[in-house]
Amino acid sequence: MKMVDMRSASDEPLIRWKMPDSLRGRFGRIVGKIVEAEELKDIDPKEIACVGDVCTISLLENGIKPKICIVDYATKRFSLEEARAKILGLIGHDRIFWLVKDELNATVPADFWLGIRVRNPQSTITQELWDAVAHGYGVENPTLIVVEGEEDLAALVCIALGKTGTKVIYGIPDVGMQLLHVTEELKRNVNSVLKEMEVQKWKSK
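Mapping the sequence shown onto this note's numbering, position 153 (from 1) lands on 158, and the numbers just tick up by one.
Written out as C-alpha cells, the structure is:
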C-alpha cells in the first residue's frame with residue numbers, strides 16, 4: 006500500500022478540510038443511537054471505528070478491540086496523562102507497533118496493534134489524519150491513531166472511508182456514546198459536507 010508519511014517534515018500539517026460555522030448545523034444532524042459498551046459485544050470488532058478517549062477506554066475495558074481507535078488524550082473525565090495511561094495500559098505498551106518515517110509498509114506482527122501519530126488542529130481534517138484512517142482500514146491489525154490537536158471531526162473521516170456496514174462510534178460529552186451505521190446514504194451526506202469544507206488552497210492544486 007503506497008502511503009505518504011503521516012507526520013510530514015513540514016512545520017504545519019496540510020489541512021484539506023475546515024469546518025465553517027455555517028456547516029455545524031448540518032454536521033449536528035448526523036445522529037445515531039446512544040449505546041452502552043455492553044450492547045456492542047455482539048458486533049464484529051473489525052467493523053467498529055471508535056473516535057474519542059472515553060469511548061475507546063469503555064470498549065477496551067469491555068473486551069472489545071475496535072478496528073480503529075482515534076484518541077487525543079483530552080477528556081473531561083481524565084487528565085491527559087490518566088487517559089494516555091489507561092488507553093496504552095489496556096492495549097499493552099509493548100503490544101503497539103508504531104509507524105515511523107520510511108516504515109509505512111512495514112509488516113506489523115499479527116498480535117500487535119498498529120500505532121500512528123498525526124497532527125490535526127481543531128475543526129479541521131488534515132491529510133495526515135485522512136491517510137492514517139485509510140491505512141488503518143487497509144491493514145489486518147487493530148489501529149490506534151493518536152492525534153496531536155483534536156479528533157473532533159475524525160468520525161467524518163471514518164464514515165467517508167469506511168465500507169458500508171462499518172459501525173462508527175464517538176462520544177458526546179455529558180450524553181454518552183453514539184453509534185452510527187455506515188450506509189451509502191450516510192456516506193453521500195458526509196461526502197457532501199466534506200466537499201463544502203474543502204479549503205481553497207487544496208482546490209487550487
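Quick reminder that beta carbons are idealized off the backbone N, C-alpha and C, glycines included.
Exposure of residue i, with buried meaning 16 or more beta-carbon neighbours within 10 Å
i, result
"G94", "exposed"
"S27", "exposed"
"V36", "exposed"
"R3", "Any question about residue 3 goes unanswered here, given that the chain covers just 6 to 210."
"T112", "exposed"
"D136", "buried"
Proximity winner among the options, relative to residue i (alpha-carbon distances)
i, options, result
"K23", "V162, D16, K72 and I130", "I130"
"V187", "A160, L85, K81 and G181", "A160"
"I20", "N146, L185, L158 and A111", "L158"
"C55", "L185, Y175 and V180", "Y175"
"S63", "A42, I48 and I53", "A42"
"G141", "K168, G181, Q127 and G97", "K168"
"V180", "D16, V40, Q127 and E17", "V40"
"G68", "A115, P114, P126 and I96", "I96"
8 angstroms CB neighbourhood of residue i in its chain, flanking five on each side removed
i, result
"A79", "D58, L85, A88 and E155"
"M202", "W22, K23, M24, P25, L28 and I130"
"E52", "K72, G170, T171 and K172"
Chain-order list of residues whose beta-carbon lies under 6 angstroms from that of residue i (same chain, five-residue window excluded)
i, result
"M6", "Low local confidence applies: a pLDDT of 34 at M6 is under 50, so the model's placement there is unreliable, with the coordinate-based value given in what follows. If we look at M6 and ignore the five residues flanking it on each side, its Cβ neighbours are G143."
"P126", "G154"
7 angstroms Cβ shell around residue i - same chain, five flanking residues per side excluded
i, result
"A165", "K192, V195, N196 and L199"
Identity of the residues DSSP links to residue i by a beta bridge
i, result
"H186", "K172"
"T131", "I20"
"A54", "I73 and V173"
"G120", "W103 and L149"
"E203", "W22"
"V230", "Outside the displayed span of the chain (6 to 210) sits residue 230, for which this structure offers no information."
"G167", "None, per the DSSP bridge assignment."
"G181", "I177"
Meets three-Cβ-pair contact criterion under 8 angstroms: the region 84-93 and the region 193-207: no
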